[in-house]
Amino acid sequence: MQDVTVLPHGVSKGNFLKAITEFREIVGPEYVKTDDEHIIQYTKIMVPDDEAKHTPSGILAPASVEEIQRILAVCNKYKVPVWTISTGRNLGYGSAAPATRGQMVLDLRRMNKIIEVDAELCYALVEPGVTYKQLYDYIHERNLPLWLSMPLPSAIAGPVGNTLDRGVGYTPYGEHFLFSCGMEVILANGELLRTGMGGIPNSNTWQVFKWGYGPYLDGIFTQSNFGIVTKMGFWLMPKPPVYKPFGVQFDNEADIVKIIDTIRPLRIANVIPSPVWVSHGLWDVAVMNKRADVYGKPGRMPDDVAEALIRKQGIGIWNVFTALMGTEEQVAVNWKMVEGAFKALGGKILVEEDVGDDPVFQYRKSMFSGTPTLREFGMYNWRGGGGSQWFAPVAQARGSETLKQMKMCKQTLDEYGIDYTAVFIVGWRDMHHVVDLLYDRTDPEEMRKAHDCYAKLLRQFAAEGYGIYRTSIAFMDEVADTFGPVKKDVNRRIKRALDPNGILSPGKSGIHI
Amino acid sequence: MSASRRAVLKWAVAGSGLVALSGGWPTLAAAAAKGLEIVPLVGRSGVDASFLDGIRTGLVGTGAALSQGILLQPGDPSALEDLEQRLSSLRGRRVVGLLDEGRQAIVDEMLRDLGAKVMCTGRHSAGPHTGSSTNHRFATTPCARGIGSVLAGALASASESFAIHETAFGADVPPGGAPVRLDGSRGWAGITGQALARVAADAWIPGPAGHYRHLGLVARTTADHGLVTFAAQL
Chain Y
0 MQDVTVLPHG VSKGNFLKAI TEFREIVGPE YVKTDDEHII QYTKIMVPDD
50 EAKHTPSGIL APASVEEIQR ILAVCNKYKV PVWTISTGRN LGYGSAAPAT
100 RGQMVLDLRR MNKIIEVDAE LCYALVEPGV TYKQLYDYIH ERNLPLWLSM
150 PLPSAIAGPV GNTLDRGVGY TPYGEHFLFS CGMEVILANG ELLRTGMGGI
200 PNSNTWQVFK WGYGPYLDGI FTQSNFGIVT KMGFWLMPKP PVYKPFGVQF
250 DNEADIVKII DTIRPLRIAN VIPSPVWVSH GLWDVAVMNK RADVYGKPGR
300 MPDDVAEALI RKQGIGIWNV FTALMGTEEQ VAVNWKMVEG AFKALGGKIL
350 VEEDVGDDPV FQYRKSMFSG TPTLREFGMY NWRGGGGSQW FAPVAQARGS
400 ETLKQMKMCK QTLDEYGIDY TAVFIVGWRD MHHVVDLLYD RTDPEEMRKA
450 HDCYAKLLRQ FAAEGYGIYR TSIAFMDEVA DTFGPVKKDV NRRIKRALDP
500 NGILSPGKSG IHI
Chain G
0 MSASRRAVLK WAVAGSGLVA LSGGWPTLAA AAAKGLEIVP LVGRSGVDAS
50 FLDGIRTGLV GTGAALSQGI LLQPGDPSAL EDLEQRLSSL RGRRVVGLLD
100 EGRQAIVDEM LRDLGAKVMC TGRHSAGPHT GSSTNHRFAT TPCARGIGSV
150 LAGALASASE SFAIHETAFG ADVPPGGAPV RLDGSRGWAG ITGQALARVA
200 ADAWIPGPAG HYRHLGLVAR TTADHGLVTF AAQL
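One line per chain: the protein sequences are Y and G, in this order. Heads up: the first sequence is residues 0 to 512, going by numbering that gives the first Met the number 0. Heads up: the second sequence is residues 0 to 233, going by numbering that gives the first Met the number 0.
Spelled out as structure tokens, the structure:
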């Protein structure tokens, strides 16, 4: 009998092997993997948890909607759960690994068709395996005047997965779910739901009108396990005639208050149309350096040491980056307002004409125009050891909130010896305060500290009324708890109604049957 | 570092993001018979030479051939764009790699995309938080089982301080014979290169997985930290 490394919870070996046989008949034997040399790649996590808790039972890679429907019939028959990934590049949130041990990873990377790109109405309809790089190349090969918005893992990640996890990018279309329009979803019983206008046979408005008729359902398929999204439409930004990226450096940590209070009205009024990136200087130092090369002590890097290092590298304690765009006239008018506002604060304004090919400016310029860049991966060399867990509370876009959240973070990071490598990303009225807890996975004690640090931050922030916009497979239940028992119960009731056998991604966002 | 190896690295600095390491390792002729080809992949860390030397030693007598290697340029991970194409041209070969964390995070994804079989990965760390010790965390499939204990034995014999953690994936493996002993004087990179080469050449004798810690007299031999090693079949 075939050897099995990890059985799904409550499934006998005999039934599991029958399911595997049937899966092979559906997708072909080469697309069903149960060997250790393939499974091990789906256990590679950066979050502070043991790989064993997230080891899948195997991997399935279907190529079509019909194959997924047939797979789900087998899953329901044998109660075998599947953990769906699109590209599985949710690095720092769990990568391709399931929330719980013993699920089959349903890897949708073979479903990578760009079904439609409409350059007049500026939208795309794609399958889940499409990567940003693939779509970027498609647009550029055809010289279409369109821009993408992509998150930091950019090229290697994909729009469906990122949007469904409610990730963000850095163009005016950076709030990705907001700009999605129409989904095709396979429910646990195999039924195919098209949201929005997609339910109308022969509709040509599926990707142009979001709401359809009756309750708007798209949201329940994000950060959830209620269905498998197999197609998603989203809006693309027309390439602006003028693009003016710029940075502003500030020399004092306390400047963050006036920075945010200055940005807020400009964002709300859309004078600055893009999200605004405000990174602490230590973030930028970490992208370009190894910690041991610049600081030889354990524990959180003291503020005075960090500030000296940041100054030595010629960057600000806070580094604002964003962009204006539009016609020449629009940009000129808006630039006058923006330049005046930042000059009044005493910031050092950086524009391309002055900095030329400065590599940091250039990669941020790429980031803010939806051009793939992998530069930020340098961050993983800062601490070494492959550990990264994003702590990402949401805040109001007010200066006073920054100091409060920063102080809370630093106190806890001090306790666990983790550096404050953080960025505030200013949306329209909110901010994501994103802190990368970088730690060394080779040291079990460091891993424990990183885990406990996140757990404590989560508790403390929740006690102050702050929620997390997104979390990793190591903390999905805990974060769900912070949003209250009623929300959790409603999620469970929807789950039981749509997926009574609990075969779809058990544990995603803390949702179980 | 020997003069010849220094020369290899020196000429490799110039050019694009990817450059070829020189071949011509001594096992090349004997290896062809078995048909396994091992491709080293390194990224200009301070221990590349030791790692490559370990690979060369590890392949002696295995019947596997050492192919021309790949040397990645340091710096911007964006320069990795060509690598996926290069790796896809290596179907059927085995890659033994040593890269920094930033680039390995991307290479891991390429390997998964290409449907590679990963036999073993190792993370290696040294920094202020590890004191005078080096830390190592391996994830092994049965064909590489016991690599942690072998590294532990070798480093202990050289009186180095270390902490090693091996996570075993897959079935338990009965010991395959006398435990492997490797020369501890090569440092962790040389020993790991040697061990991974034998894993890639199907010449590894499995041992037990476990956790090991040793306080030795010799301070760690490298300032490099945050490196990842792996052996994979493309």
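No residue lacks a Cβ here, since even glycine has one placed at the ideal position from N, Cα and C. As the structure is a prediction and not an experimental result, all values here were calculated from the model.
- Query: Ordered along the chain, which non-local residues of its own chain (more than five positions away) have a Cβ less than 8 Å from that of Asp-260 of chain Y?
  - Reply: Arg-397, Gly-398
- Excluding five sequence neighbours on each side, which residues of the same chain lie with their C-beta closer than 6 Å to the C-beta of Ile-510 of chain Y? Asn-224, Asn-490, Lys-494
- Message: Taking 9 Å as the threshold (C-beta atoms), are Ser-132 of chain G and Ala-170 of chain G in contact?
- Response: no
- Query: Relative to chain G, which residues along the stretch 19-41 of chain Y have a C-beta separation below 9 Å, given in chain order?
  - Reply: Glu-29, Lys-32, Asp-34, Asp-35, Glu-36, His-37, Ile-38, Ile-39, Gln-40, Tyr-41
- Message: Here's the rule: buried if 16 or more other CB atoms are within 10 angstroms of the residue's CB, otherwise exposed. What is Asp-439 of chain Y?
- Response: buried
- Task: Can you have a look at Tyr-212 of chain Y and say buried or exposed, based on whether 16 or more other CB atoms are within 10 angstroms of its CB?
- Result: exposed
- Message: Could you check if Tyr-438 of chain Y belongs to the surroundings of the ligand FAD, using beta carbon to heavy atom distance under 8 Å?
- Response: The ligand content of the structure shown is nil, which means the ligand FAD is not present either.
- Using the DSSP secondary-structure output, state which residues sit across from Arg-212 of chain G in a beta bridge. G:Ala-162
- Message: Short of 6 Å in beta carbon distance, which residues of its chain neighbour Pro-127 of chain Y, apart from the five on each side in sequence? Order them along the chain.
- Response: Ser-85, Leu-107, Met-110, Val-159
- Query: So, is Trp-317 of chain Y buried or exposed, given that buried needs 16 or more other C-beta atoms within 10 angstroms?
  - Reply: buried
- Task: Could you tell me which chain Y residues have their CB closer than 7 Å to the CB of Leu-97 of chain G, listed as they occur along the chain?
- Result: None at all; the shortest Cβ gap to chain Y is about 13 Å.
- Identify the contact partners of Tyr-379 of chain Y in chain G, using a Cβ-Cβ distance below 7 Å as the criterion. Glu-100, Gly-101, Ala-104
- Can you give me the Cβ contacts of Arg-165 of chain Y inside the same chain, cut-off strictly under 8 Å, excluding the 5 residues immediately before and after it? His-175, Phe-176, Thr-221, Gln-222, Tyr-468, Arg-469
- Task: May I ask you to list the residues that DSSP assigns as paired with Pro-237 of chain Y?
- Result: Y:Leu-145
- Task: Note down the Cα distance separating Asn-500 of chain Y from Tyr-77 of chain Y, rounded to an integer number of angstroms.
- Result: 10 Å
- Neighbour list for Glu-50 of chain Y in chain G, Cβ cutoff strictly below 9 Å: Ala-138, Thr-166, Phe-168
- Specify, as a first and last residue, the run of the alpha helix (DSSP H) that Leu-113 of chain G falls within. No alpha helix (DSSP H) holds Leu-113 of chain G; DSSP gives it neither H nor E.
- Based on the DSSP secondary-structure assignment, which residues constitute the bridge partners of His-224 of chain G? DSSP lists no partner for His-224 of chain G.
- Have a look at Leu-154 of chain G and Gly-147 of chain G and give me their C-alpha separation to the nearest angstrom. 10 Å
- Item | Through-space distance from Glu-159 of chain G to Asn-89 of chain Y, alpha-carbon basis | 37 Å
- Task: Report yes or no: is there a C-beta of chain G within less than 9 Å of the C-beta of Thr-420 of chain Y?
- Result: no
- If you draw a straight line from the C-alpha of His-128 of chain G to the C-alpha of Thr-441 of chain Y, how long is it? 11 Å
- Rounded to whole angstroms, what's the CA-CA distance from Leu-145 of chain Y to Met-236 of chain Y? Just pull it up for me. 6 Å
- Query: The beta strand (DSSP E) with Tyr-438 of chain Y in it runs from where to where?
  - Reply: 429-439
- Item | Close-in-space but distant-in-sequence residues of the same chain around Ala-199 of chain G (CB under 6 Å, 5 per side omitted) | Ile-37, Arg-93, Val-95, Ala-230
- Task: Would you check if there are 3 or more beta carbon pairs closer than 8 Å linking the stretch 273-287 of chain Y to the stretch 309-325 of chain Y?
- Result: yes
- Message: With H, G and I counted as helix, E and B as strand and the rest as coil, what does DSSP make of Ala-396 of chain Y?
- Response: coil
- Task: Could you name the residues of the same chain whose beta carbon sits closer than 7 Å to that of Asp-99 of chain G, not counting the 5 residues immediately before and after it, in chain order?
- Result: Gly-42, Ser-44, Gly-225, Leu-226
- Comparing the C-beta of Arg-122 of chain G with each C-beta of chain Y, is any distance below 9 Å? yes
- Are the stretch 150-157 of chain Y and the stretch 226-242 of chain Y touching, with three or more C-beta to C-beta distances below 8 Å? no
- Same chain, Cβ closer than 7 Å to Gly-56 of chain G, five either side skipped, listed in chain order: Note that residue 56 of chain G corresponds to Thr in the displayed sequence, not to Gly. Closer than 7 Å at Cβ, skipping near neighbours: Gln-193.
- Item | Start and end residues, alpha helix (DSSP H) containing Cys-452 of chain Y | 443-462
- Candidates Y:Thr-42, Y:Thr-162, Y:Pro-297, Y:Gly-91, of which the one nearest Glu-445 of chain Y by Cα: Y:Pro-297
- Which of helix, strand or coil does DSSP assign to Asn-333 of chain Y? helix
- Message: Taking 6 Å as the limit between beta carbons, can you name the residues of its chain near Trp-82 of chain Y, skipping five residues before and five after?
- Response: Pro-97, Gln-102, Val-104, Ser-504
- Query: Looking at the C-beta of Leu-16 of chain Y, does it have a partner C-beta in chain G at a distance below 9 Å?
  - Reply: no
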